[in-house]
């Protein structure tokens with residue numbers, strides 16, 4: 146399976162680490178709501194079809210990516226940086242500072 150990193154380009158899946166479901170909302174770090182933390186850590190869905198996931202390009206630029214992948218065919222439908230503010234390989238660094 147190939148994943149196209151917005152910065153590095155197409156790379157084999159072996160360079161990436163799955164970080165989890167991209168639809169989950171993490172409780173506030175200071176929260177002491179054990180039910181919320183339990184649900185966040187242990188409650189998992191197993192969707193069939195298009196799924197929003199977080200991956201890290203751990204064997205490359207180390208960026209966190211938001212990937213939409215079909216769980217039945219493993220087709221990658223889209224990739225983007227998980228957080229805004231990153232420049233893709235097509236942009237030059239520097240400029241407006």
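Numbering (my numbering), first residue to last: 146 to 242.
No residue lacks a Cβ here, since even glycine has one placed at the ideal position from N, Cα and C.
Note the first and the last residue of the continuous beta strand (DSSP E) segment covering residue i.
| i | result |
| --- | --- |
| residue 187 | It is not in any beta strand (DSSP E) - residue 187 instead sits in the alpha helix (DSSP H) that spans 179 to 187. |
| residue 197 | 195 to 201 |
| residue 205 | Segment: none, residue 205 is in no beta strand (DSSP E) and carries neither H nor E. |
Considering only the alpha carbon of each residue, which of the options lies closest to residue i?
| i | options | result |
| --- | --- | --- |
| residue 149 | 186, 165, 206 | 206 |
| residue 157 | 217, 203, 225 | 203 |
| residue 166 | 196, 151, 155, 174 | 196 |
For residue i, which residues of its own chain have a beta-carbon under 8 Å away from its beta-carbon, when the five flanking residues on both sides are left out?
| i | result |
| --- | --- |
| residue 169 | 185 |
| residue 178 | 172 |
| residue 181 | 172 |
| residue 164 | 198, 199, 200, 201, 209 |
Within a Cβ cutoff of 7 Å, which residues of the same chain sit near residue i, ignoring the five residues on either side of it in sequence?
| i | result |
| --- | --- |
| residue 227 | 199, 209, 210, 211 |
| residue 194 | 215, 216, 217 |
Tell me, which residues are paired with residue i by DSSP?
| i | result |
| --- | --- |
| residue 156 | 148 |
| residue 111 | Residue coverage of the chain in this structure runs from 146 to 242, which leaves residue 111 outside it and unanswerable. |
| residue 162 | 201 |
In three-state DSSP terms, what is residue i?
| i | result |
| --- | --- |
| residue 211 | strand |
| residue 173 | coil |
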